[in-house]
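The structure appears right after this line, and notes come after that.
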Amino acid sequence: MLRPLDQEDAIKEAGTMHAVPRLMAAAILATIVTTSTHFAASASTVQSESPPEGSSSSTEAAPAEAITVPTGAITFSEFSVNTPITGQYRSRGIQFSGDSPYITTDTSNPTSPVLSGSPRFHGEIRGTFVNPDTGQPRTVNSFTLDVGYIDTPGSVKVIVYDTSGRRLGTLSADRVGIVRITSNFARSASFLVKALSDEPAGFAIDNLLFPGSGRRLRWIAMGDSYSAGVGLGSVQPWPGCDQDPYAYAPRARRDALPARYNTRDFTFTACSGDKTRDLTRDQLSQVRSRHNVATMTIGGNDIDFAGTVIDCGVFSCGDDLLRLSAGRITWDTVFTRLRDVYVTARRSMARDGHLYVLSYPIPFARQREGRCAGLTNNEQNAANALVTRLDDTIYRAVSAANTQLSSTGLAGNVHFVDWRTGSRVERGYTIPRRLPGGGQQFATYTSPDGLCNTSGNRPFIHGYEIPLLNAFHPTSRGYWHGAVVLSNAIQRFQP
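Under the working numbering, the first residue of the sequence shown is numbered 7, with each subsequent residue one higher.
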């Protein structure tokens, strides 16, 4: 397509400019631009579009209604127009060279600005994949970019190279318009975009996407046993923290977040048995100003939830469970401790960082009558109500932390991430009359993913397990759900 700056060079015949239909196409092209965002109801990793069978690439013309900006792509809007580009995108995993590439505008591309070589729209552009931390060369197995505007199909090629400079293959912009090109050559180290035959209006590139090209997450995963991964296998002897690579945070990082995120910077400090005071002493000290993501569960050990429920099944349920006690402290103290942990963590992070606080999943399904894991119907209901009360306290503490942080000029960015499934039942549990607080009513839950469910689902929570320390901790399915809801939250707040 001829760009406005080039219109005076359009060939005129009998007083009629033949570029007019293409200029009309430009107007149509610019009408609709959509942004694709991935908030999966169940997490899945982003995968490259599959090429035709037997091929290592695909090209796709991008009509106006189909042009998208993939989430996590380099759009060249990150720097000002006319900025020469070399190593500015190293933190995103790529460096540029060639014929003095720079950012410019292109009215024939509705997702302008774009990256052009020199002279404008007529220079070669080379991209070399690098390790964001060291700047050393690395390889990728796929990448996608837009090339255009193409007036002469087949004139512009994308040549892909391996680490030794050997050509892996050549991809062609073989249609008129903005052409989306996908490479699936394994172990690609670099690419070169150039015109191999006449392309009157030239070309630029835009919307470059490859694994790790998106937002860089500098992540610290804190918390207690529900964050460490207790319940997934053998228990480490004291003083081990019993961390498991399939806990929700490392699982979200590895398996649930789309590949566009760069998650290499990951610190796992979660420790089984930690209360708020332990986390404050041992884990918050490891939060650094570079961290823009922090995750945690905390508070369950402060009220000794697991111990209370285990004792309930092995021996008998004490009054602490039935009266929804916070153990040796008050619920106001739990609230204050949680709020203070969130505020301290958030202040220690990057100013634009986000803290994700997960709730605790509901233990019992409450879908049928009868004992479950040794607990009566009312005891199961009390256990669900106790978790609900803790989760509600966490929610209020998150809100209070955001208010306190914003009052000091720091964006709160503390997010409550709900691990629970099922239905909330307001005033669904009543403290027995014989106990202090008797007659008070509290919210509880029923859950299709709880123990003894009738939905045919593997529960999110173990019942009694050997070793006993795994009892009433998440199963593999429970941790995966935690990874899913966390991944969705990160994609929402840090796309």
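C-beta atoms are modelled at their ideal positions from N, C-alpha and C, and glycine is treated no differently.
In this structure, E205 sits near S161, with a CB-CB distance shorter than 8 Å. At least 8 Å separates the beta-carbon of A207 from that of D271. The C-alpha of Q386 lies about 13 Å from the C-alpha of A312.
Cβ neighbours of A192 within its own chain (closer than 7 Å, five residues either side excluded): N147. Excluding sequence positions up to five before and after S429, its CB lies within less than 6 Å of the CB of T452, all in the same chain and listed in chain order. Under the three-state reduction of DSSP output, P256 falls in the helix class. Rounded to whole angstroms, A356 and Y95 show a C-alpha spacing of 20 Å. By the 16-neighbour rule on beta-carbons within 10 angstroms, D325 is exposed. Proximity of the region 387-403 to the region 357-370 meets the contact definition, three or more beta-carbon pairs being nearer than 8 Å. G104 is bridged by DSSP to I131. Each of V431, P454, C458 was checked against the Cα of F448, and the nearest Cα belongs to V431. G175 and I131 have their alpha carbons spaced roughly 17 Å apart. Taking a cut-off of 8 Å for Cβ pairs, the region 276-286 and the region 227-246 touch, as three or more such pairs fall below it. Distance from T110 to N88 at the Cβ level is roughly 7 Å; contact confirmed, criterion being Cβ atoms closer than 8 Å.
Using a 10 angstroms sphere on the CB of A407, the tally of other CB atoms reaches 16 or more, which defines it as buried.
Separation of L381 and N190 (C-alpha to C-alpha, rounded to the nearest whole angstrom) is 55 Å. A check of alpha carbon separations from G484 across T92, Q446, I467, N476 identifies I467 as the nearest.
For N463, the secondary structure class from DSSP, reduced to helix, strand or coil, is coil. Proximity to D317 across R426, F82, G129, L474 peaks at L474, based on C-alpha coordinates. Contact holds between the region 364-378 and the region 456-471, because three or more Cβ pairs, one in each stretch, are under 8 Å apart. By the criterion of a C-beta distance shorter than 8 Å, V120 is surrounded in its chain by F82, I109, T110, T111, D112, A210, I211, D212, once the five residues flanking it on both sides are discounted.
Annotation: the continuous alpha helix (DSSP H) that includes T342 extends over 337-354.
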